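S.K.: Quick one: the structure is below, questions incoming.
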Amino acid sequence: MLQVKLIVTGDDFGYCPRRNQGIVDCFLAGAISNVSLLVNGSAAADAAKLARRYSIPIGLHANLSEGSPVCEVLKTNSSLLNQDGFFHGKMGFRTALSRGLLNMSEVKQELKAQVELFHELTGHLPPHMDGHQHVHVLPEVRHVFAEVLEEYGIKYTRVPVEPGLHNCDWIPPSLMDFYLGVEEDSFNTVDVFTKHGIRWPDIYIGLSTMGKNMSVSSIWSAINSAIVEVTSRAPSSAHPALQSRTVTIELMVHPGYPSVPPVGGCGEGPDDFSQSWERLHELQTLIKPELQSHYKSRNIQLCSFKDL
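Numbers 1 to 308, taken from UniProt numbering, label the letters of the sequence shown in order.
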């Protein structure tokens, strides 16, 4: 039987105390195996302590789009800030980038400052580093991001190309447009990351199973169709060899107890995403025993990036 290593990553660790608690509860229930820390999150120091206390594998969720920078010199008069003195936002960052308004040396400065702060909070460098709201695969940013990873010897990242995404007719058109943009940016990033010796799992899942779209069956069918796609890519003569091969998958999730304003966020208070009932829905779905027994029956082993 094909062996599958599944990394279930809880994103936005450090966003607020309630998100932290939900992520820890998920980890202790054996439902997630890895977390991604927002070092500019209001509860980042608490998150780092929790990771240490419970031995939770932790990487860096680099943030250039929400809240405030951690680099002191960029907190005022920087191309990364809007008129209110915060990052430009998920779409604002993309607009500023497309207009050539962002200074890439400031992007690099902030990414390095976030790696340094991660090291300060956790006592080690991140084994993996990805981008909040997928900023790390954007044009120009991808080159700087890859340079920073190579400089610090960070081996793993996330490339958000999800098999079967185009068939997900339950995703609203406006969100699908955003996802397809992320997919295109990701395809254009592969060569850049490869050139810098950066690796990522064979399969990424998480866009089709987010929030209210998450269920035991949606996770299950996403994993199944992704495995089918990966095994069908190999020439038929290679199939016997594939039986002994290990396929690696990252499932991106956002479980937690919903934020209650004004607590939380990355400097501006918590956003709608973090306050949504969908965070709790993800948590409750991920800890369902039938999901765990599914994994066991299919020889799927939960692990973290440092186990690859």
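Yeah, the Cβ is synthetic: ideal placement off N, Cα and C, and Gly gets one too. What you are looking at is a predicted structure, and each value in this text was computed from that prediction instead of being measured.
Assign residue 86 to one of three DSSP states: helix, strand, or coil.
M.R.: In this structure, residue 86 counts as coil in the three-state DSSP scheme.
S.K.: Provide the residue span of the beta strand (DSSP E) that contains residue 34, from first to last.
M.R.: Element bounds for residue 34: 34-37.
S.K.: Hey, quick one: how far does the beta strand (DSSP E) through residue 314 stretch, first residue to last?
M.R.: Limits of the chain in this structure are 1 at one end and 308 at the other, which puts residue 314 out of reach.
S.K.: Helix, strand or coil: which one does DSSP assign to residue 191?
M.R.: Of the three classes helix, strand and coil, the one that applies to residue 191 here is helix, per DSSP.
S.K.: Of all the alpha helix (DSSP H) runs that stay within the bounds of the region 19-86, which reach a length of 4 or more residues?
M.R.: Runs found: 44-54.
S.K.: Look at the alpha carbon of residue 53 and the alpha carbon of residue 28, and state the distance between them as a whole number of angstroms.
M.R.: Between residue 53 and residue 28, the C-alpha separation is close to 12 angstroms.
S.K.: So the alpha helix (DSSP H) residue 295 belongs to, where does it begin and stop?
M.R.: Note, residue 295: alpha helix (DSSP H), 289-297.
S.K.: Tell me whether the region 62-71 and the region 119-134 touch, counting them as touching only if at least three CB pairs, one residue from each stretch, are closer than 8 angstroms.
M.R.: Segments in contact, yes.
S.K.: Let's see if you can read the secondary structure: which residues bound the alpha helix (DSSP H) around residue 202?
M.R.: No alpha helix (DSSP H) contains residue 202, which DSSP labels as neither H nor E.
S.K.: Which residues in the same chain have their Cβ closer than 7 angstroms to the Cβ of residue 256, if we skip the five residues on either side of it in sequence?
M.R.: 18, 19, 22, 23, 279, 283, listed in sequence order.
S.K.: When you compare each of 35, 68, 141 to residue 126 by their alpha carbons, which one comes out closest?
M.R.: Comparing Cα-Cα distances from residue 126 to each of 35, 68, 141, the minimum goes to 35.
S.K.: Can at least three beta-carbon pairs, one atom from the region 102-115 and one from the region 71-83, be found at a separation below 8 angstroms?
M.R.: Touching, per the Cβ criterion.
S.K.: Using C-beta distances below 8 angstroms, list every residue in its chain close to residue 15, excluding the 5 sequence neighbours before and after it, in chain order.
M.R.: Once the five neighbours on either side are set aside, the close Cβ partners of residue 15 are 38, 41, 42, 43, 256, 259, 264, 265, 266, 270, 274.
S.K.: Pick helix, strand or coil for residue 140, following the three-state DSSP scheme.
M.R.: Note: residue 140 maps to coil in three-state DSSP.
S.K.: Please report the distance separating the alpha-carbon of residue 292 from that of residue 103.
M.R.: Going by the C-alpha atoms only, they are around 45 angstroms apart.
S.K.: Once you ignore the five residues that flank residue 245 on each side, which residues in its own chain have a CB closer than 8 angstroms to its CB?
M.R.: So the qualifying residues of the chain are 2, 3.
S.K.: Can you have a look at residue 248 and say buried or exposed, based on whether 16 or more other CB atoms are within 10 angstroms of its CB?
M.R.: Residue 248 should be labelled buried.
S.K.: Apart from the five residues on each side of it in sequence, which residues of its chain come closer than 8 angstroms, Cβ to Cβ, to residue 281?
M.R.: If we look at residue 281 and ignore the five residues flanking it on each side, its Cβ neighbours are 211, 212, 214.
S.K.: Looking only at its own chain, which residues have a Cβ that is under 7 angstroms from the Cβ of residue 96, when we skip the five neighbours before and after it?
M.R.: So the qualifying residues of the chain are 88, 102.
S.K.: Quick one: residues in its chain with C-beta nearer than 7 angstroms to the C-beta of residue 146, no 5 flanking neighbours on either side, listed in chain order?
M.R.: The residues are 192, 193, 196, 198.
S.K.: Span of the alpha helix (DSSP H) holding residue 286?
M.R.: It spans 278-286 - the alpha helix (DSSP H) in which residue 286 sits, taken as one unbroken run.
S.K.: Hey, residue 165 and residue 183 are a contact pair by Cβ (cut 8 angstroms); roughly how many whole angstroms apart?
M.R.: With a Cβ gap of about 6 angstroms, residue 165 and residue 183 count as contacting.
S.K.: Have a look at the DSSP bridge pairing and note the partners of residue 8.
M.R.: Note: residue 8 sits in a beta bridge opposite 251.
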